[in-house]
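Structure first, commentary second.
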Amino acid sequence: MGFATTAIHSGQEPDQTTGAVTVPIYQTSTYAQDGLGKHKGYEYARTQNPTRSALETNLAALEGGRFGFAFASGMAAIDATLRLVKAGEHVVVSDNTYGGTFRLFTKVLANYNIEFDFVDTSDALNVEAAIKPNTKMVFVETPTNPVMIVSDLRQISEVAHRAGARVVCDNTFLSPYLQRPLEFGVDIVVHSTTKYLNGHSDGIGGIVVLNDETDAAWIGFIQNSAGAILSPFDSWLVMRGTKTLALRMDQHDKSGRAVAAFLEEHPKVRKIYYPGSASHPQHALAKRQQSGFGGMIAFDVGSLEGARAVLESVKLCTLAESLGGVETLISHPATMTHASVDAEKRERLGITDGLVRVSVGLEDTDDIIADLDQALNNM
Ligand code: P1T
1195 MGFATTAIHS GQEPDQTTGA VTVPIYQTST YAQDGLGKHK GYEYARTQNP TRSALETNLA
1255 ALEGGRFGFA FASGMAAIDA TLRLVKAGEH VVVSDNTYGG TFRLFTKVLA NYNIEFDFVD
1315 TSDALNVEAA IKPNTKMVFV ETPTNPVMIV SDLRQISEVA HRAGARVVCD NTFLSPYLQR
1375 PLEFGVDIVV HSTTKYLNGH SDGIGGIVVL NDETDAAWIG FIQNSAGAIL SPFDSWLVMR
1435 GTKTLALRMD QHDKSGRAVA AFLEEHPKVR KIYYPGSASH PQHALAKRQQ SGFGGMIAFD
1495 VGSLEGARAV LESVKLCTLA ESLGGVETLI SHPATMTHAS VDAEKRERLG ITDGLVRVSV
1555 GLEDTDDIIA DLDQALNNM
């Protein structure tokens, strides 16, 4: 089955009782039992919910994995995944990640004696050099948020597996339509479903997809024990989203290319971060590993004043955190999504005060470009 067919049908069989073609929202906290230990496979809604199960089946199929677990947010999904690592163990992480991931690792999990090293994963040799006898996980974001660094998932998986470590990939920026990390040897895929998978900017959620039965049993155990589950309604919203994922990603990709080409030529833009550009340092890898470049672009206008002028002059684009929705969102990573990263590290990564990030939406391409053009000319 093709991707769009899987997106529309996997986990989405018509309801057995009514024939409803859309999976119902099972808004219940518990389930009647026929007798002690006699039930229909559902006991309590933290543990199992049919709407959530349908979404988990759907997203596991889209990533080409066996097991899926849906969480209340992308951060909850990442937190649950890190529970595979124990005190005294070590994790190698991409130097640039979403600021919230960096904050969770350095400010929360580090307190529980889990050790983190942050390296530039665009070169697998850096990952190899960072591996220690107690390394149990390599956590890669590709492309990274917001400076779009691309890492070679196949090479990193080989290096990590040789050392007996699992590889986790945050695939939020591309969605499984444009990149399927498990096919390159990655063990676990995580997403903020808040972004492209939901696609409509109306719910927060996260997913973990994996193949290993033992690790899956532990993630399921954590999901039930810690309880950061995705609600039935939010699960339903993400399923509504995945039905059009293929169509939406094609358009995000098409407009993304046009907006990037426009920005690349604009005299006020000093630098552009977009793996689809021939000048991007990992352009060849991105072409090989991804089936498109998606809708995320960052560009540097050289100063905080310049960035402020652009961000406060847009009329169609919305100044807001988040990404991957139908509407074009524009943001300032240094003070918004990556404020939790210290200034020296931000500067080193290219997250300067002049950096602006765009999540290219599904409006008419010409309208998006015209709005960015008038905002840049206001600098
Ligand atoms: O917001 P939440 O659903 O908890 O997802 C966290 C998260 C995880 N991974 C990546 C790559 C992300 O971009 C995010 C959230 N990012 C934003 C809110 C943002 O504007 O970048």
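Numbering (the working numbering), first residue to last: 1195 to 1573.
Ideal Cβ positions, reconstructed from N, Cα and C, are used throughout, including at glycine.
(1) Could you tell me the distance, in whole angstroms, from the CA atom of Leu1303 to the CA atom of Gly1294?
(2) Val1279 by DSSP, collapsed to three states: which one?
(3) Taking the straight line between their C-alpha atoms, what separation do you get for Pro1469 and Glu1458?
(4) Measuring straight from C-alpha to C-alpha, what distance separates Gln1227 and Met1269?
(5) Please determine whether the Cβ atom of Phe1367 lies at a distance below 7 angstroms from any heavy atom of the ligand P1T.
(6) Nearest to Thr1315 by alpha carbon, out of His1460, Leu1276, Val1361, Asn1307?
(7) The ligand P1T heavy atoms versus the CB of Leu1276: any closer than 7 angstroms?
(8) Determine contact between the stretch 1420-1429 and the stretch 1533-1551, defined as no fewer than three beta-carbon pairs at a distance below 8 angstroms.
(9) Going by DSSP in three states, Arg1551 sits in which element: helix, strand or coil?
(10) Just list the beta strand (DSSP E) runs in the stretch 1442-1522, keeping only unbroken ones of 3 residues or longer that don't cross its boundaries, in chain order.
(11) Taking all protein chains shown into account, decide if Phe1333 is buried (16 or more other Cβ within 10 angstroms of its Cβ) or exposed.
(12) Below 7 angstroms, is the gap between the Cβ of Met1269 and the nearest heavy atom of the ligand P1T?
(13) Spell out the partners DSSP gives Glu1538 in its beta bridges.
(14) Taking the alpha-carbon positions, what's the Trp1412 to Lys1326 distance?
(15) Helix, strand or coil for Leu1556? Go by DSSP, reduced to three states.
(16) Considering only DSSP beta bridges, list what Asp1209 is partnered with.
(17) For Phe1265 and Arg1451, what's the separation of their Cα atoms in angstroms?
(18) Does the Cβ of Ala1537 have 16 or more other Cβ atoms within 10 Å, making it buried, or fewer, making it exposed?
(19) Heavy atom of the ligand P1T less than 7 angstroms from the Cβ of Asn1290, yes or no?
(20) Would you report the Cα separation of Gly1488 and Cys1511, rounded to the nearest angstrom?
(21) What does DSSP give as the partner residue(s) for Ile1308 in the beta ladder?
(22) By how many angstroms is the C-alpha of Tyr1306 removed from the C-alpha of Thr1199?
(23) Looking at the unbroken alpha helix (DSSP H) that takes in Thr1388, where does it start and where does it end?
(24) Of all the options Val1535, Leu1523, Asp1560, which has the alpha carbon lying nearest to the alpha carbon of Arg1297?
(25) Would Gln1484 and Gln1349 be called neighbours here (beta carbons separated by less than 8 angstroms)?
(26) Roughly how many angstroms separate the alpha carbons of Val1215 and Ile1202, rounded to a whole number?
(27) Check the C-beta distance from Leu1376 over to Gly1258 and give it rounded, since I have them as a contact under 8 angstroms.
(28) Report buried or exposed for Leu1479, applying the criterion of at least 16 other Cβ atoms within 10 angstroms of its Cβ.
(29) Report yes if the CB atom of Ser1345 is closer than 8 angstroms to the CB atom of Ser1288, and no otherwise.
(30) Taking Arg1464 and Asp1444 to be in contact with their CB atoms under 8 angstroms, please state how far apart those CB atoms are, rounded to whole angstroms.
(31) Alpha carbon to alpha carbon, what distance is there between Arg1277 and Val1384?
(32) Express the C-alpha separation of Tyr1238 and Gln1221 in angstroms, rounding to a whole number.
(33) Curious, which full-length alpha helix (DSSP H) runs of at least 4 residues does the stretch 1317-1379 contain?
(34) Can the beta-carbon of Gly1548 be found closer than 8 angstroms to that of Ala1501?
(35) Drop a sphere of 10 angstroms on the beta-carbon of Ala1323, count the other beta-carbons inside from all chains shown, and report buried for 16 or more, exposed for fewer.
From the atom records:
(1) 12 angstroms
(2) coil
(3) 12 angstroms
(4) 34 angstroms
(5) yes
(6) Val1361
(7) no
(8) no
(9) strand
(10) 1465-1467, 1490-1494
(11) buried
(12) yes
(13) Per DSSP, none; premise fails for Glu1538.
(14) 24 angstroms
(15) coil
(16) Looking at the DSSP assignment, Asp1209 forms no beta bridge with any residue, so it has no partner.
(17) 32 angstroms
(18) exposed
(19) no
(20) 17 angstroms
(21) Ile1308 is not bridged to any residue.
(22) 43 angstroms
(23) Where Thr1388 is concerned, there is no enclosing alpha helix (DSSP H), given that its DSSP letter is neither H nor E.
(24) Val1535
(25) no
(26) 11 angstroms
(27) 5 angstroms
(28) buried
(29) yes
(30) Actually they do not touch by this definition, with Cβ atoms about 30 angstroms apart.
(31) 13 angstroms
(32) 12 angstroms
(33) 1318-1324, 1347-1356, 1369-1372
(34) yes
(35) exposed
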